[in-house]
Amino acid sequence: MAQYLLSVWHEDGYPDPSTDEMQQMFKDVSAVNDEMMSTGTWVFGGGLHSKESATVVTATPDGDVVTTDGP
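Position 59 of the sequence shown, counted from 1, bears residue number 105 in my numbering, the numbering being contiguous throughout.
What follows is the structure, given as structure tokens:
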């Protein structure tokens, strides 16, 4: 079964959406979730923590994996 991730990410300095834009985004995401639930394709939904708590995983050219804290 295919699974997909929807993630919204903005670069530093990207202007924050207005309150009205955010409310519309919430409504739109809720509508998509409702549609997926009604068709039996919805698996789960959940938010992510802020980027300050992130761990970055990078593959080096020689195949090693490096992890660093933060953005």
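Ideal Cβ positions, reconstructed from N, Cα and C, are used throughout, including at glycine.
Predicted model only: the values in this text are computed from it and were never measured.
(request) Grab me the residues of Thr113's own chain with a C-beta within less than 8 angstroms of its C-beta, minus the 5 sequence neighbours each way, in chain order. (result) Exclusion of the five residues before and after Thr113 leaves Thr101, Val102, Val103, Thr104 as the residues of its chain whose Cβ lies within less than 8 angstroms of its Cβ.
(message) What residue range does the alpha helix (DSSP H) around Ala105 cover?
(response) Looking at the DSSP string, Ala105 is not in any alpha helix (DSSP H); the run it does join, the beta strand (DSSP E), is 101-105.
(request) Check whether the Cβ atoms of Val89 and Gln49 lie closer than 8 angstroms to each other. (result) Result yes, Cβ atoms of Val89 and Gln49 sit closer than 8 angstroms.
(message) Which residue wins for smallest C-alpha separation from Gly116, given the options Ser96, Gly59, Asp74?
(response) Ranking Ser96, Gly59, Asp74 by Cα distance to Gly116 puts Ser96 first.
(message) Per the DSSP calculation, Asp115 is bridged to which residue(s)?
(response) For Asp115, the pairing in a beta bridge is given by DSSP as Thr101.
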